[in-house]
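Before any comments, here is the structure.
Chains as they are written, first to last, in my numbering: chain A, 1 to 303; chain B, 304 to 606.
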């Protein structure tokens, strides 16, 4: 709107982010055009969680990473949707009674409350599977599709997100005591998928290994900063802005950055991580401006 | 052993099947060499179900299909393992209390009994993810890897196996009344994955679309025959040979082929399906002899 505002400020993100989110939303909807072989009740359960709002941070990262590497963001859309499907499935399964037992998600009943436990487990399984179908069927050329499937599976599986969730559940029984242990959990539980969101975008843009590495460094730092910011929001947030009971993690006795480091040090650490993330963007020049703005948004949101 | 016995008889299968199963077993073990990022407890839970025995029917089908299309079966092994991982994950999730609530599987406690519900859900998620990692990282060239991921995801997802499981659970509430409805469920719940097991083997052998179609027809018919045979074993079997309580399905009021058609007609139908499956193998000539023997084995096993 105002050409005098440099593109690297949040003003640009304010304009850019809603447009990108809308494109993601439309693409996610079209991913759910399944045949009659999918029972209507299952499709409804999948859509309930996949199209149920959310920040769309991961798919937006995929598109921005593709842009930073000089690629066509439309070509990266199937990868962006796939990453969001993995995220959505993980929330459905995490909310189950046997796991975190959350009855609310994004201000509405969790999937298993709305559709029953069996259907929720299966909706999660279907979303996880659909993620790989979407990449394998939608990303070209096939070398890139195969590389994207590999990145995503490694990030989401036993050595990544699922492993992190197991470690997180174990930590509830034997609480972790150090920031290093907490970081080791978050690196797998949320960090790996954020990194994959970025490298998938880079791969679609046929980025070289140096650029993929830069995206990785950006992702690792943003991922940890994002988690600290989440913990901080949990301390200061309200049920209204978070869509679930605030202080939930704290009340469950889960260790968080603020509880280990205090609020001020947590905030300082998040800021330092974001600085490192932004430095990793240097090779991309102006093409990395949206990633740069997003990094700052991560620690500035809802405050 | 006896060269006078034609290769297309079961004698050949008796020699061939154990060797193929052993190769699959070894390959599955090596798929589980994960890094320290995988929590030991998770790895144990995955191995408990993946390496816990079973007929290995699906991976063997993959190898035999590859062979029928003139390919190198070693090259198809990652695909064979991936199909078995999908099968193993589906058993873990199907056994959960919210689903079929089975406490026993293959003569030992179900995964969630041995490791707890949360870990069982996550072991299933990890296996599902590892299936795609194994194909994307192990199948060459990348075009074939991408095509295999796509086949497998379509077969396993909302329009395939997961959709079939949802339909099956719905049928428990509103029992299906016709063989056509029962077949529609089984076609998705077990048939689609069997077909994918075959087409993956064909794809690795760079089979043409005609051959893939023949494998598909073989798989559809064997899949339904396999289900009828399973239902029949459930009627006549004992807990000892089945590894779970026999008549379990019948006692739960689940509709089965024998309950809809009677035992004699079920047996006749299974035989007719196997005949059709075998006819579909004609284009493969002698290279299809193991698939031919396996088709007959499906309805002759354990009787």
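We treat Cβ as the ideally placed atom computed from N, Cα and C, and that holds for glycine. None of the values given here were measured: they were computed from a predicted structure.
Quick check: the Cα distance between residue i and residue j, rounded to an integer number of angstroms?
i: residue 288 of chain A; j: residue 199 of chain A; result: 14 Å
i: residue 301 of chain A; j: residue 271 of chain A; result: 13 Å
i: residue 332 of chain B; j: residue 467 of chain B; result: 29 Å
i: residue 414 of chain B; j: residue 429 of chain B; result: 13 Å
i: residue 13 of chain A; j: residue 293 of chain A; result: 6 Å
i: residue 381 of chain B; j: residue 442 of chain B; result: 6 Å
i: residue 400 of chain B; j: residue 117 of chain A; result: 9 Å
i: residue 162 of chain A; j: residue 188 of chain A; result: 8 Å
i: residue 65 of chain A; j: residue 55 of chain A; result: 17 Å
i: residue 561 of chain B; j: residue 475 of chain B; result: 17 Å
i: residue 143 of chain A; j: residue 449 of chain B; result: 8 Å
i: residue 215 of chain A; j: residue 416 of chain B; result: 42 Å
i: residue 471 of chain B; j: residue 534 of chain B; result: 15 Å
i: residue 396 of chain B; j: residue 90 of chain A; result: 15 Å
i: residue 589 of chain B; j: residue 137 of chain A; result: 34 Å
i: residue 228 of chain A; j: residue 390 of chain B; result: 38 Å
i: residue 174 of chain A; j: residue 296 of chain A; result: 34 Å
i: residue 248 of chain A; j: residue 480 of chain B; result: Any answer about residue 248 of chain A is weak, because its pLDDT of 49 lies below 50 and its placement is not dependable; what the coordinates show is given next. Approximately 47 Å between the Cα atoms of the pair.
i: residue 341 of chain B; j: residue 349 of chain B; result: 11 Å
i: residue 76 of chain A; j: residue 141 of chain A; result: 12 Å
i: residue 384 of chain B; j: residue 514 of chain B; result: 22 Å
i: residue 22 of chain A; j: residue 279 of chain A; result: 29 Å
i: residue 109 of chain A; j: residue 33 of chain A; result: 24 Å
i: residue 70 of chain A; j: residue 318 of chain B; result: 56 Å
i: residue 405 of chain B; j: residue 538 of chain B; result: 18 Å
i: residue 516 of chain B; j: residue 213 of chain A; result: 42 Å
Could you tell me which residues DSSP pairs with residue i in its beta bridges?
i: residue 108 of chain A; result: A:105
Identify which residue in the options has its Cα closest to the Cα of residue i.
i: residue 409 of chain B; options: B:452, B:490, B:342 and B:398; result: B:398
i: residue 225 of chain A; options: A:259, A:65 and A:277; result: A:277
i: residue 294 of chain B; options: B:379, B:493 and B:412; result: Because residue 294 of chain B is not part of the residues shown, which for chain B are 304 to 606, the question remains open.
i: residue 482 of chain B; options: B:558, B:396 and B:388; result: B:558
i: residue 31 of chain A; options: B:405, B:339, B:498 and B:457; result: B:457
i: residue 572 of chain B; options: B:593, B:583, B:526 and B:586; result: B:526
i: residue 36 of chain A; options: B:531, B:585 and B:487; result: B:487
i: residue 275 of chain A; options: A:25, A:87, A:53 and A:218; result: A:218
i: residue 283 of chain A; options: A:62, A:68, A:75 and A:93; result: A:68
i: residue 329 of chain B; options: B:356, B:411 and B:395; result: B:356
i: residue 304 of chain A; options: A:273, A:57, A:109 and A:34; result: Residue 304 of chain A cannot be examined here, being either before or after the span of chain A that is shown, 1 to 303.
i: residue 273 of chain B; options: B:377, B:524 and B:477; result: Only positions 304 to 606 of chain B appear in the structure, and residue 273 of chain B is not among them; the question remains open.
i: residue 104 of chain A; options: A:296, A:48 and A:280; result: A:48
i: residue 418 of chain B; options: A:70, A:170 and A:285; result: A:170
i: residue 377 of chain B; options: B:327, B:391, B:412 and B:337; result: B:327
i: residue 375 of chain B; options: B:411, B:505 and B:516; result: B:505
With residue i and residue j assumed to form a contact (beta carbons below 8 Å), what rounded beta-carbon distance in angstroms separates them?
i: residue 402 of chain B; j: residue 363 of chain B; result: Between residue 363 of chain B and residue 402 of chain B the Cβ distance is about 27 Å, and since that is not below 8 Å, they are no contact.
i: residue 196 of chain A; j: residue 83 of chain A; result: 7 Å
i: residue 193 of chain A; j: residue 160 of chain A; result: 7 Å
i: residue 260 of chain A; j: residue 182 of chain A; result: 6 Å
i: residue 388 of chain B; j: residue 354 of chain B; result: Going by Cβ atoms, the distance from residue 388 of chain B to residue 354 of chain B rounds to 11 Å, so no, they are not a contact pair.
i: residue 432 of chain B; j: residue 128 of chain A; result: 7 Å
i: residue 291 of chain A; j: residue 281 of chain A; result: 6 Å
Residue i touches chain D at which residues, Cβ-Cβ below 8 Å?
i: residue 167 of chain A; result: Absence of chain D from the displayed structure is noted, the protein chains being A and B.
- Message: Quick test of the definition: if touching needs 3 or more C-beta pairs under 8 Å, does the stretch 204–213 of chain A touch the stretch 253–268 of chain A?
- Response: no
Is there contact here, the stretch 340–349 of chain B with the stretch 413–431 of chain B, by at least three beta-carbon pairs under 8 Å?
yes
Check whether the stretch 447–455 of chain B and the stretch 123–143 of chain A touch, using three or more Cβ-Cβ pairs below 8 Å as the test. yes
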